Amino acid sequence: MEFLFKIGKKIIPEPIFKFFQPVYHWILSFLGAFFYGFPSKKLIVIGVTGTKGKTTTCNLIVHILNSSGLKTGMATTVNFRIGEREWINTSKQTMLGRFQLQKLLSEMVKAGCRYAVIETSSEGILQYRHRFIDYDIAVFTNLSPEHIERHGSFENYRRAKIKLFEKVAKKENGIGIYNLDDENVSFFLKPKITRQYVYTLKLKKTIGEIQNLYQISKIKSTAQGTSFLFNNEQYTMPLVGEFNVYNAAAAICVALSQGVWPSKIRKALFKVKAPAGRFEVIESKRGFTVVIDYAHEPASLEAVYKTAKSRIANRKSRLICLLGSQGGGRDKWKRPEMGKIAAKHCNKIILTNEDPYDENPSQILSDIKSGIQNSKFKIQNLYKVIDRKKAIKVALLL
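In the UniProt record's numbering, the protein residues as written are 1 to 398.
Now the structure itself:
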């Protein structure tokens, strides 16, 4: 059917195609759920949405629930999980297609899972992949501009995300988890979900009629990890960066909403591991540190660089970045912005190929370079190496 969809898109006039497109997506979603017996009805489904931190938050939630004896499955950009069995997501999709996702949920049910955690993207919502999934809990991490070309505007992008909360609001015992420090949170609070949990680092008092406010405070970071207070209770984890404290706060709220004792949550967080490619730290015996991170939009990139700089031991240390950007016409506006941010924080920059799709890789790198050239960055410290393997070697030898 996907093949017929692509052909139809080419031959059918655009206004007519757009009119019938939602019907097509709805039918596929229904058929997928029907074929596998509507498996989500037998699970407590947690949907995590936002711009940054979705994958890490999902992994933290799953780790805490599984560690507490609550068997949980998961689908994210990076990995899938059913209980203790984990494998890599090679589909290049944050949210699987309708039949694939329903099949995975069905496998979770067969394996005896009680919970399912789904990284829920705006693209997936736009294509109705969330339809006929019986979400019980919606988690909002944060929001910043992304996928603007796909949605038409930031407002449309935000509206797509909010649909997850509107869906949960229809449930009698639905639960919403919110980052109160994000400037867009008020839009996500509008759907009146029965039970609301919010967490904040910056605000000292609640707003409106929110029942459960959790205060983050006294964040202390070291090379080994981070400790922080969550409603005056001490938590320690091996993950670094303020952004990971926010991710952990969302996961803690989910666990508390399900009756998990704080002592079990603390124990689980203390032993958690970062998902692959999410501020993944590799310490070299040669005296340098490598950090691998998926950051693919300006706000995430800035957070990664700030956290990396905080780990630098002395002023003689250098921050060298290997940077690329996705092709396929995706969010071209952010390329010079990412270059500008790299120029602001890094001593040396290597531009390289990431995933160009059908675009010219050189043009993508030129777009990033334009943001660097408009800064005070010394151009002699900029390298352009299209082959990614060679670029990695260059970075390690600088």
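C-beta atoms are modelled at their ideal positions from N, C-alpha and C, and glycine is treated no differently.
Computed from a predicted model, the values in this text were never measured in an experiment.
Query                                                                                                                                                                                        : Result
Apply the 10 Å Cβ neighbour rule to residue 307 and answer buried if 16 or more other Cβ atoms are within range, or exposed otherwise.                                                       : buried
Taking the continuous beta strand (DSSP E) assigned at residue 237, which residues delimit it?                                                                                               : 233–237
To the nearest whole angstrom, what separates the beta carbons of residue 136 and residue 175, a pair I think is in contact under 8 Å?                                                       : 7 Å
When you compare the CB positions of residue 246 and residue 47, do they come within less than 8 Å of one another, or not?                                                                   : no
Which whole-angstrom value describes the C-beta separation of residue 104 and residue 132, a residue pair presumed to lie in contact below a C-beta threshold of 8 Å?                        : Incorrect: roughly 14 Å between the Cβ atoms, too far for contact.
Who are the Cβ neighbours of residue 76 in its own chain at under 6 Å, not counting the five residues just before and after it?                                                              : 55, 58, 119
Taking only the alpha-carbon atoms, compute the straight-line gap between residue 362 and residue 34 and give it to the nearest angstrom.                                                    : 46 Å
May I ask you to report which of helix, strand or coil DSSP gives residue 190?                                                                                                               : coil
Kindly provide the ranges of any beta strand (DSSP E) runs that are 3 or more residues long and lie completely inside the segment 219–290, ordered along the chain.                          : 225–230, 233–237, 280–283
Here's a check: name, in chain order, each residue in its chain whose Cβ is nearer than 8 Å to the Cβ of residue 195, leaving out the five neighbours to either side.                        : 173, 174, 175, 176, 211, 212, 257
Identify which residue in 86, 155, 367, 187 has its Cα closest to the Cα of residue 325.                                                                                                     : 367
Could one say the Cβ of residue 241 lies closer than 8 Å to chain C's Cβ atoms, at least one of them?                                                                                        : Absence of chain C from the displayed structure is noted, only one protein chain being present.
With respect to the beta strand (DSSP E) encompassing residue 323, which residues constitute its N-terminal and C-terminal limits?                                                           : 320–323
Hey, is the segment 265–280 in contact with the segment 58–71, meaning 3+ C-beta pairs nearer than 8 Å?                                                                                      : yes
On the DSSP bridge list, what partners appear for residue 82?                                                                                                                                : 73, 85
Taking buried to mean at least 16 other C-beta atoms within 10 Å of its own C-beta, is residue 90 buried or exposed?                                                                         : exposed
Return yes when the Cβ of residue 320 is within less than 8 Å of the Cβ of residue 347, no when it is not.                                                                                   : yes
Please classify residue 379 as buried or exposed, where buried requires at least 16 neighbouring CB atoms within 10 angstroms.                                                               : exposed
In whole angstroms, give me the CA-to-CA distance for residue 85 and residue 110.                                                                                                            : 14 Å
Should residue 141 and residue 297 be called a contact, given that it needs their Cβ atoms to be closer than 8 Å?                                                                            : no
Mapping the DSSP letters down to three states, classify residue 363 as helix, strand or coil.                                                                                                : helix
Less than 8 Å between the beta carbons of residue 197 and residue 253, yes or no?                                                                                                            : yes
Which word fits residue 318, buried or exposed, when buried means at least 16 other C-beta atoms lie within 10 angstroms of its C-beta?                                                      : exposed
Give me the Cα-Cα distance between residue 395 and residue 377, rounded to the nearest whole angstrom.                                                                                       : 17 Å
In this structure, does DSSP put residue 200 in helix, strand or coil?                                                                                                                       : strand
Kindly indicate the opening and closing residues of the alpha helix (DSSP H) around residue 107.                                                                                             : 98–110
According to DSSP, which residues form a beta bridge with residue 184?                                                                                                                       : Answer by DSSP bridge pairing: none, since residue 184 is not bridged.
With respect to the beta strand (DSSP E) encompassing residue 162, which residues constitute its N-terminal and C-terminal limits?                                                           : Looking at the DSSP string, residue 162 is not in any beta strand (DSSP E); the run it does join, the alpha helix (DSSP H), is 154–169.
Pick from 145, 42, 139: whose alpha carbon is nearest that of residue 162?                                                                                                                   : 139
Given residue 154, which residues of its chain have a CB within under 8 Å of its CB, disregarding the five upstream and five downstream residues?                                            : 145, 148
So, residue 98 versus residue 37, is the Cβ gap smaller than 8 Å?                                                                                                                            : no
Using the C-alpha atoms, what's the distance from residue 100 back to residue 4?                                                                                                             : Because the pLDDT at residue 4 is just 49, under 50, the model does not fix this residue reliably, and the point stays unresolved.
Mapping DSSP to helix, strand and coil, what is residue 139?                                                                                                                                 : strand
CB residue 23 to CB residue 72, shorter than 8 Å?                                                                                                                                            : no
Give every residue of the same chain whose Cβ lies closer than 6 Å to the Cβ of residue 386, excluding the five residues on either side of it in the sequence, and list them in chain order. : 353, 361
If I measure Cβ to Cβ from residue 26 and keep anything under 8 Å in the same chain, skipping five residues before and after, which residues do I get?                                       : 128, 131
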